[in-house]
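Each remark here refers to the structure printed beneath this line.
This is how it looks when you write it as structure tokens:
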């Protein structure tokens, strides 16, 4: 890996390399959020099963933890994860390729957060040649907060959903009673 340097701000100084980094070259603190957000659990399980000969009996959390651990070095799983992330986010990587400064990279990342489309942007920004250690840390911090907000939204949506389910059940009951009254009135009218 080429030498990199950081600044106190949002990593305005550019790294000294021009090649995108690989998964195993990222700081280990990036691996958990990257695997958790960047790869759906069924995809992760499929990759792990494929490399273990289909002998995986771990639950989702154990598979996630094992995959995160394997990302620290170059090995069969980290290479498979790298390949999957490259394939999955190829379009985003193409958009980020044209960015020539850390400032542009940070602005694109913030735009992705605003649009709610962070998985591919996180991968593209972390591996971009202009991603400095300070920016890498900022990306992880931002993603952490996005995940908190997503959790809060899920809880709110679940509350609304449960309220709608209750309202639907009541309306179904009311409709059934109304249909019974109509049938009774039609029978009375027919007599």
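Numbering (our numbering), first residue to last: 137 to 327.
Heads up, the beta-carbon is just placed ideally off N, CA and C, and yes, glycines get one too.
If I'm right that residue 225 touches residue 252 with Cβ under 8 Å, what's the distance once you round it to whole angstroms?
-> Contact doesn't hold; Cβ gap of about 16 Å is too wide.
If we count the other Cβ atoms within 10 Å of its Cβ and call it buried at 16 or more, is residue 274 buried or exposed?
-> buried
Pick from 181, 303, 200: whose alpha carbon is nearest that of residue 191?
-> 181
Touching by the beta-carbon criterion (3+ pairs, under 8 Å), the stretch 186 to 205 and the stretch 233 to 246 | no
Cα-Cα, which of 262, 258, 271 is closest to residue 282?
-> Cα-wise, what sits closest to residue 282 is 258.
Closest to residue 210 by CA distance: which of 165, 223, 158, 170 is it?
-> 158
Would you mind sorting residue 163 into buried or exposed? The rule is 16 or more other CB atoms within 10 Å of its CB.
-> Counting of Cβ neighbours within 10 angstroms places residue 163 among the exposed residues, the total staying below 16.
Exposed or buried, residue 145, counting other C-beta atoms within 10 Å across all chains shown (16 or more means buried)?
-> Any reading at residue 145 must be qualified, since the residue scores a pLDDT of 40, below 50, and its modelled position is unreliable; the value itself is stated next. Label assigned to residue 145: exposed.
Between the beta-carbon of residue 260 and the beta-carbon of residue 232, is there less than 7 Å?
-> yes
Report the rounded CA-to-CA distance for residue 300 versus residue 317, giving the unit in angstroms.
-> 25 Å
What residues in its chain sit with their C-beta under 7 Å from that of residue 203, if we drop five residues either side in the sequence?
-> 171, 180, 184, 213, 217
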